[in-house]
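Chemist: One structure coming up, written as structure tokens, with questions to follow.
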Amino acid sequence: MNDLAALDLNLLVVLEALFAERHVSRAALRLNKSQPAVSQALGRLRQTFDDPLLIRGADGWELTARAREMEPMLAETLAAVRGLVRPAPFDPAQTRRTYRLTMSDYASAMLAPRLLPVLRKQAPGVRLSITTRSRDAAMAALVDGDIDLALGVFPDRPAEVREGLLLEERFVCVMDRSTLEPGFDLAAYLARPHVSVAVQDGRVDEVDGALARLGQSRDVVATLPHWSVAQDLIAGTDLVLTIASRSLREPLDPRLAVMSPPFALAPFRFVQTWHARRDGDVGLRWLRERLNHCVVET
Numbered sequence: 001m002n003d004l005a006a007l008d009l010n011l012l013v014v015l016e017a018l019f020a021e022r023h024v025s026r027a028a029l030r031l032n033k034s035q036p037a038v039s040q041a042l043g044r045l046r047q048t049f050d051d052p053l054l055i056r057g058a059d060g061w062e063l064t065a066r067a068r069e070m071e072p073m074l075a076e077t078l079a080a081v082r083g084l085v086r087p088a089p090f091d092p093a094q095t096r097r098t099y100r101l102t103m104s105d106y107a108s109a110m111l112a113p114r115l116l117p118v119l120r121k122q123a124p125g126v127r128l129s130i131t132t133r134s135r136d137a138a139m140a141a142l143v144d145g146d147i148d149l150a151l152g153v154f155p156d157r158p159a160e161v162r163e164g165l166l167l168e169e170r171f172v173c174v175m176d177r178s179t180l181e182p183g184f185d186l187a188a189y190l191a192r193p194h195v196s197v198a199v200q201d202g203r204v205d206e207v208d209g210a211l212a213r214l215g216q217s218r219d220v221v222a223t224l225p226h227w228s229v230a231q232d233l234i235a236g237t238d239l240v241l242t243i244a245s246r247s248l249r250e251p252l253d254p255r256l257a258v259m260s261p262p263f264a265l266a267p268f269r270f271v272q273t274w275h276a277r278r279d280g281d282v283g284l285r286w287l288r289e290r291l292n293h294c295v296v297e298t
């Protein structure tokens, strides 16, 4: 080929029809074009590829050796181009894909038990790889293409990262019931030691941020990376755990009491996030929709 830039893609469609029909008139009918138009296109193709492509033989038109060599490559090329223009429909039952997600154990406990049965029924060839990362590491992994989805709370996401709301969550305080006294107010809250949940060291979370805006701070004596473990530390102590309400396991330990925080603590948005370059990924969109359904059912 002399120059790729000079090649009209429509000529390749004509060439495909000529290869299939081995006849100019029949190729014209296949393409719904006039015979002169197809003959003219064949002339341009011969010039472009510097080969006759179709020649008359004893039994009609035949492909040249160069054309026979080109035929499978042309089929692959046009299939790829058509896939770009009209992607194949996504069939979850037939897909073979590993989705890479990052989320906390809070999200895993809430969503995985609902998501996995759906995947096994609707998309048995799908695999999940779930990891836990800090907020900053999750956003970096999305940007770098190391993961497909990050689920969590991401108030400072990059501009190229999209988000979809899964749910709004509220905080509750968990304490040993035997240590409760009348009038649990902010002063009583701050007077007690606290357990905090944080994947990343040194990051100010929503609870500490709200207290800081009041000019206050709490005495955190233990910081854990796992929501699911935190509530097991409270019974038999004077500790306070301020935690997302859906992270509490049921049935709740009868020794524990659950109360609203004694200060303004706004609900937080729990979202799923993905990179903008994945907006057209129909398989990822399908998984996002399944996650939305899982949340609706909680």
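Read in order, the letters of the sequence shown are residues 1 to 298 in UniProt numbering. All residues carry an ideal CB built from backbone N, CA and C; glycine is no exception. The structure presented is a predicted model; accordingly, all values stated were derived computationally and were not measured.
Kindly list the residues whose CB is nearer than 6 Å to the CB of residue 265, restricted to its own chain and excluding five residues on each side of it in sequence; keep chain order.
Modeler: Closer than 6 Å at the Cβ level, and outside the excluded window around residue 265, lie 171, 210.
Chemist: Taking just the CA atoms, how far does residue 273 sit from residue 75?
Modeler: Taking the straight line joining both Cα atoms gives about 38 Å.
Chemist: In chain order, what residues of the same chain have a beta carbon less than 7 Å from the beta carbon of residue 15, not counting five sequence neighbours either side?
Modeler: Closer than 7 Å at the Cβ level, and outside the excluded window around residue 15, lie 45, 74.
Chemist: Give the C-beta separation of residue 161 and residue 268 to the nearest angstrom, bearing in mind that I take them to be a contact with Cβ-Cβ under 8 Å.
Modeler: The pair is not a contact, with the Cβ atoms about 17 Å apart (cut-off 8 Å).
Chemist: Report the rounded CA-to-CA distance for residue 2 versus residue 51, giving the unit in angstroms.
Modeler: Bear in mind that the predicted position of residue 2 carries a pLDDT of just 46, short of 50, making it unreliable; the figure below should be weighed with that in mind. Their Cα atoms are separated by approximately 12 Å.
Chemist: Once you ignore the five residues that flank residue 30 on each side, which residues in its own chain have a CB closer than 8 Å to its CB?
Modeler: Taken in chain order, the residues that qualify are 17, 20, 21.
Chemist: For residue 97, which three-state DSSP category applies?
Modeler: Strand, per DSSP.
Chemist: Once the 5 residues before and after residue 119 are set aside, which same chain residues still bring their CB inside 8 Å of it?
Modeler: Result list for residue 119: 126, 128, 290, in chain order.
Chemist: Output needed for residue 24: all residues of its chain with C-beta closer than 8 Å, excluding positions within five of it in sequence on either side, in chain order.
Modeler: Cβ within range, chain order: 18, 35, 38, 39, 42, 54, 61.
Chemist: For the putative contact between residue 195 and residue 230, defined by C-beta atoms under 8 Å, what is the C-beta separation to the nearest angstrom?
Modeler: That pair is a contact at about 6 Å.
Chemist: Alpha carbon to alpha carbon, how far is residue 99 from residue 156?
Modeler: The alpha-carbon atoms of residue 99 and residue 156 are separated by roughly 24 Å.
Chemist: Is residue 52 helix, strand or coil when you go by DSSP?
Modeler: In this structure, residue 52 counts as coil in the three-state DSSP scheme.
Chemist: Going by CA-CA distance only, name the one from 165, 206, 139, 259 that's closest to residue 182.
Modeler: Among 165, 206, 139, 259, the Cα nearest to that of residue 182 belongs to 259.
Chemist: Start and end of the beta strand (DSSP E) containing residue 175?
Modeler: Segment 171-176, the beta strand (DSSP E) holding residue 175.
Chemist: If you reduce the DSSP assignment to three classes, tell me which class residue 262 lands in.
Modeler: Correct three-state label for residue 262: coil.
Chemist: Among the candidates 295, 185, 286, whose CA atom is the shortest distance from the CA of residue 122?
Modeler: It is 286 whose Cα lies nearest to the Cα of residue 122.
Chemist: Between residue 218 and residue 106, what straight-line distance do the alpha-carbon atoms span, to the nearest angstrom?
Modeler: Spanning the two alpha carbons is a distance of roughly 23 Å.
Chemist: When we look at the beta-carbon of residue 27 and count the other beta-carbons within 10 Å, is it buried (16 or more) or exposed?
Modeler: It counts as buried.
Chemist: Helix, strand or coil for residue 60, going by three-state DSSP, please let me know.
Modeler: Note: residue 60 maps to strand in three-state DSSP.
Chemist: Which residue marks the beginning of the beta strand (DSSP E) containing residue 129, and which one marks its end?
Modeler: Residue 129 -> beta strand (DSSP E) spans 126-131.
Chemist: Using CA atoms only, rank isn't needed, just tell me which of 177, 184, 191 is closest to residue 236.
Modeler: Checking every option, the nearest Cα to that of residue 236 belongs to 177.
Chemist: Checking the sheet assignment: what are the DSSP bridge partners for residue 163?
Modeler: Bridge partners of residue 163: 273.
Chemist: Rank 270, 192, 148 by C-alpha distance to the C-alpha of residue 262 and give the top, closest one.
Modeler: The shortest Cα separation from residue 262 among 270, 192, 148 belongs to 192.
Chemist: Would you mind stating whether residue 104 and residue 132 have Cβ atoms separated by less than 8 Å?
Modeler: Taking 8 Å as the Cβ cut-off, residue 104 and residue 132 qualify as a contacting pair.
Chemist: Just to confirm, is the Cβ distance from residue 189 to residue 240 under 8 Å?
Modeler: Contact flag set, yes.
Chemist: Considering only residues of the same chain and omitting the five flanking positions on each side of residue 275, which have a CB-CB separation below 8 Å?
Modeler: Cβ neighbours of residue 275 beyond the five flanking positions: 142, 143, 145, 160, 161, 162.
Chemist: Rounded C-beta distance between residue 257 and residue 166? I'm assuming under 8 Å.
Modeler: 28 Å between Cβ atoms; not a contact.
Chemist: At which residues does the beta strand (DSSP E) containing residue 153 begin and terminate?
Modeler: Where residue 153 is concerned, there is no enclosing beta strand (DSSP E), given that its DSSP letter is neither H nor E.
Chemist: Tell me, please, which residues DSSP counts as bridged to residue 168.
Modeler: The partner list for residue 168 (beta bridge, DSSP) reads 269.
Chemist: Just curious, the alpha helix (DSSP H) that residue 179 is in, first and last residue?
Modeler: Segment: none, residue 179 is in no alpha helix (DSSP H) and carries neither H nor E.
Chemist: In terms of DSSP beta bridges, what is residue 243 paired with?
Modeler: Partner(s): 172.
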